[in-house]
Each structure stands twice: as C-alpha cells, then as structure tokens.
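A short worksheet on the structure shown next.
In the working numbering, the protein residues as written are 460 to 623.
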C-alpha cells in the first residue's frame with residue numbers, strides 16, 4: 460500500500476475541516492510538504508505495525524515537518540503575523556534541537572521499555588497516548604496483516620498527526 464501525497468493532503472484536510480483558510484502560497488507550499496512526507500513515509504509502508512514501526516514512521520514525519528523546515532514554511536505561507544511566525548520558529552527550533560534528538564534513542568529501546576513497564580504491544584497500540592489504533596486497525600494487527608501503509612489507509616492520523 461503506497462502512501463501518497465494526495466492521501467496525506469486528504470487526511471490533513473479531513474482532520475482540519477472546512478474552517479481551514481488557505482491561499483495560493485499555502486497551497487503550493489503544502490503540496491510540496493505532502494510530497495516530502497510521502498517520500499519519507501514510503502520506506503515505512505511495507506513494515507508490519509509494531510510500536511517500533513509506528514514510532515519510526517512518526518519520527519520520519521517529525522523530521523520532515525520540523526528538521527526540514529516545513530512547519531515554518533507553512534505558517535509563513537498562511538500568515539504575515541510576525542508573532543505567529545516567531546512562535547513557529549521557536550517551536551521548530553525546540554523540536555529539532557531538543558525533542559527529536561531524545562526520541563531517536565527512545566525508539567531504539569522502545570521494546571525493552573514496554574517490557575520493563577509490563578505493557579504489551581496490544582495495550583500500547585490501542586492506547587490514546589500510544590499507537591492510537593481504532594478497533595478496525597487493531598483487528599488487522601491481531602491477524603498479523605497490518606502494515607504501516609494499511610494503517611495509513613485505515614487511520615492516517617495515527618501516523619501523520621496528533622489526532623486520530
């Protein structure tokens with residue numbers, strides 16, 4: 460199952476709803492961003508869903524969004540309000556320089572951490588602060604057939620967003 464820029468765009472627009480205001484520059488920048496996300500997520504698509512593969516895919520999204528500067532570019536395209544632009548730059552800097560470097564090592568030890576905490580993969584995957592998987596995705600996971608690409612098809616915001 461391919462993860463496409465169009466699929467990402469639709470997922471974001473569905474999540475954001477009709478209240479989202481855009482302009483020509485935002486549409487252009489957002490199109491480039493969704494292409495970058497699709498390219499970054501494609502290697503993850505065939506991987507079976509586990510806590511490690513979900514976190515790895517989410518880290519790829521965060522890297523594209525923040526380390527590659529798309530967060531600021533999107534905000535800049537949406538508003539000329541300098542306060543919002545500066546807030547986006549601060550957020551991007553904090554995530555790129557403080558949060559992402561700590562998450563990469565956490566990814567490497569996620570299985571050991573879950574075992575130490577006594578948390579099963581199923582519990583983490585279904586938890587709202589873990590995998591956030593809905594019942595249909597959990598059923599596919601229990602069958603051993605759920606890939607990151609299929610999860611994106613069923614529940615894209617479990618991969619690309621904070622809401623699902």
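Backbone N, C-alpha and C define an ideal beta-carbon position, used for all residues, glycine too.
Quantities reported herein were computed from a predicted structural model and do not represent experimental measurements.
*Sub-8 Å separation of residue 508 and residue 607 beta-carbons*: yes
_For residue 519, which residues in the same chain have their Cβ closer than 7 Å to its Cβ, ignoring the five residues on either side in sequence?_
499, 500 and 503
*asked:* Whether or not the region 587-597 and the region 549-560 are in contact is what I'm after, with contact meaning three or more pairs of Cβ atoms, one per stretch, closer than 8 Å; do they touch?
replied: no
*Could you tell me the boundaries of the alpha helix (DSSP H) in which residue 618 lies?*
616-619
*Assign residue 497 to one of two classes, buried (16 or more other C-beta atoms within 10 Å of its C-beta) or exposed (fewer than that).*
buried
*When we look at the beta-carbon of residue 529 and count the other beta-carbons within 10 Å, is it buried (16 or more) or exposed?*
buried
*Identify every residue that forms a DSSP beta bridge with residue 507.*
606
*Helix or strand or just coil, what does DSSP make of residue 586?*
coil
*Starting from residue 576, trace the alpha helix (DSSP H) both ways and give me its first and last residue.*
569-576
*residue 462 - DSSP class collapsed to helix/strand/coil*: coil
*Through-space distance from residue 553 to residue 604, alpha-carbon basis*: 37 Å
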